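To start, the structure itself, in structure tokens.
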Amino acid sequence: PATTTPPAPPKSEPAPGLPSSDELLAQAKAAGDDRTKLDAVVAKLDARIAAQPSATDHFLRAQLLDRLQRREDALAALDSALRLDPKHAGAHHLAGLVAADLGRMEVAFEHWSAAARATPPDGGAAYNAGQYLQDAGRHEEALAMWRIALAAKSDDFDAAKKIVQSLNALGQHEEAETAKQEVKRIFAASTGPGVKQQNEFVIDQLVVDGRKVMIKETIEPKDPALHQHWTAYVFAVDGKTPELTVQLESSQYGRDTGVPFINGMTRGSTHATWPGQYDKLPAYGTWRAAAIAKIATEV
Numbered sequence: 195p196a197t198t199t200p201p202a203p204p205k206s207e208p209a210p211g212l213p214s215s216d217e218l219l220a221q222a223k224a225a226g227d228d229r230t231k232l233d234a235v236v237a238k239l240d241a242r243i244a245a246q247p248s249a250t251d252h253f254l255r256a257q258l259l260d261r262l263q264r265r266e267d268a269l270a271a272l273d274s275a276l277r278l279d280p281k282h283a284g285a286h287h288l289a290g291l292v293a294a295d296l297g298r299m300e301v302a303f304e305h306w307s308a309a310a311r312a313t314p315p316d317g318g319a320a321y322n323a324g325q326y327l328q329d330a331g332r333h334e335e336a337l338a339m340w341r342i343a344l345a346a347k348s349d350d351f352d353a354a355k356k357i358v359q360s361l362n363a364l365g366q367h368e369e370a371e372t373a374k375q376e377v378k379r380i381f382a383a384s385t386g387p388g389v390k391q392q393n394e395f396v397i398d399q400l401v402v403d404g405r406k407v408m409i410k411e412t413i414e415p416k417d418p419a420l421h422q423h424w425t426a427y428v429f430a431v432d433g434k435t436p437e438l439t440v441q442l443e444s445s446q447y448g449r450d451t452g453v454p455f456i457n458g459m460t461r462g463s464t465h466a467t468w469p470g471q472y473d474k475l476p477a478y479g480t481w482r483a484a485a486i487a488k489i490a491t492e493v
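The working numbering runs 194 ahead of the 1-based position in the sequence shown.
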């Protein structure tokens, strides 16, 4: 799951004779990874909460308990925060992360969904909720979540890519082609190495005869003279070991001779072509169907 830092909680007034939330937050930051100092701040928060319970203090306490890897206690503190402020997006987001760490994915999803629908929406929580839904095969709902994530942060490269995946999973290939333009816009505008290093991106994920297949598209060919436009990576039955690739290839030679796109396949060090030559880029849905049929004969 994404680990976006939840938004800062609203300030609360100090309880009489006790440090304010801001003072305790400063102490927590200064403590770093010193468990003794963090425990001391938690103890002070316990005193504040006993005197004057607030969602702000429960949320800060949960953050510290999570840093101390006391995740059950952190989740309990977040539940307390949400009882006082059911719309606390930061508490919902963190509760999702903690619940996911504990393996409680359904609980995590409920919290991320709540944060995604907060005002303003939490884009990181929406992304996480979308991933849960995609993993469950609930592509239409996943699409809605990833659209929330992209609306919350217009340069969210990962959310833009996930929108393409969802549309292809739903068979909406023309809409996916339109969505790809947003991916390419973000790629072109970005100066971050984390984006620029991703010269290809996953546009589709499916299963063919029990084999996991991941299809990627090249954004900007490193070598225009010879490159793969679409590549379907086919994995062995363990779902992890690459077994072969089926790809749509393009070369300068092919372009010069009027056949800019051909179908290829690679298994280990062996490369071959298979029927399919195109004088222009085929529609993705058309090529996808041909690639699936080819994969079915090879696995």
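For each residue, glycine too, the CB sits at the ideal point set by N, CA and C.
Bear in mind that the values here come from a model prediction, so they are computed numbers and not experimental data.
Asked                                                                                                                             : Found
Range covered by the beta strand (DSSP E) that runs through aspartate 273                                                         : Unbroken run through aspartate 273 is the alpha helix (DSSP H), 265 to 278; no beta strand (DSSP E).
Residue span of the beta strand (DSSP E) that contains isoleucine 397, given as start and end                                     : 394 to 402
Alpha carbon of glutamate 394 to alpha carbon of valine 377, nearest angstrom                                                     : 11 Å
Within 8 Å, strictly: CB atoms of alanine 323 and methionine 299                                                                  : no
Given leucine 272 as reference, the closest of His305, Ala241 and Leu262 once Cα atoms are compared                               : His305
Own chain partners of valine 493 with C-beta closer than 6 Å, once the 5 adjacent residues on each side are dropped               : Asp403 and Arg405
Contact check, alanine 310 vs alanine 319, beta carbons under 8 Å                                                                 : yes
Residue of Ala289, Gly479, Leu296 and Phe253 minimising C-alpha distance to alanine 308                                           : Ala289
C-beta contact flag for leucine 442 and phenylalanine 429 at 8 Å                                                                  : no
Rounded Cβ spacing between leucine 258 and valine 236 (contact assumed at less than 8 Å)                                          : 5 Å
Cut-off 8 Å between Cβ atoms - residues of its own chain near valine 453, not counting five sequence neighbours on either side    : Gln471, Tyr472 and Asp473
Chain-order list of residues whose beta-carbon lies under 6 Å from that of proline 330 (same chain, five-residue window excluded) : The sequence given here places alanine at residue 330; proline does not occur at that position. Answer for alanine 330: no residue qualifies.
CB of serine 215 within 8 Å of CB of aspartate 240, strictly                                                                      : no
Close-in-space but distant-in-sequence residues of the same chain around alanine 336 (CB under 6 Å, 5 per side omitted)           : Gly324, Leu327, Gln328 and Ser360
Exposure of lysine 488, with buried meaning 16 or more beta-carbon neighbours within 10 Å                                         : buried
Among Asp316, Trp468 and Asp349, nearest to histidine 287 - alpha-carbon criterion                                                : Asp316
Same chain, Cβ closer than 6 Å to threonine 197, five either side skipped, listed in chain order                                  : Only weak support is given to the placement of threonine 197: the predicted model assigns it a pLDDT of 48, under 50, and the value that follows is read from those uncertain coordinates. Within the same chain, threonine 197 has no close Cβ partners at all.
Residues sharing a beta bridge with methionine 339, DSSP                                                                          : In the DSSP output, where bridge partners are listed per residue, methionine 339 has none listed.
Cβ pair isoleucine 275, alanine 285 closer than 8 Å                                                                               : Reading off the sequence shown, one finds alanine at residue 275, where the question assumed isoleucine. Yes.
Proximity of leucine 218 and lysine 238 at Cβ, strictly below 8 Å                                                                 : yes
Proline 387 - DSSP class collapsed to helix/strand/coil                                                                           : helix
Host alpha helix (DSSP H) of isoleucine 486 (start-end)                                                                           : 478 to 492
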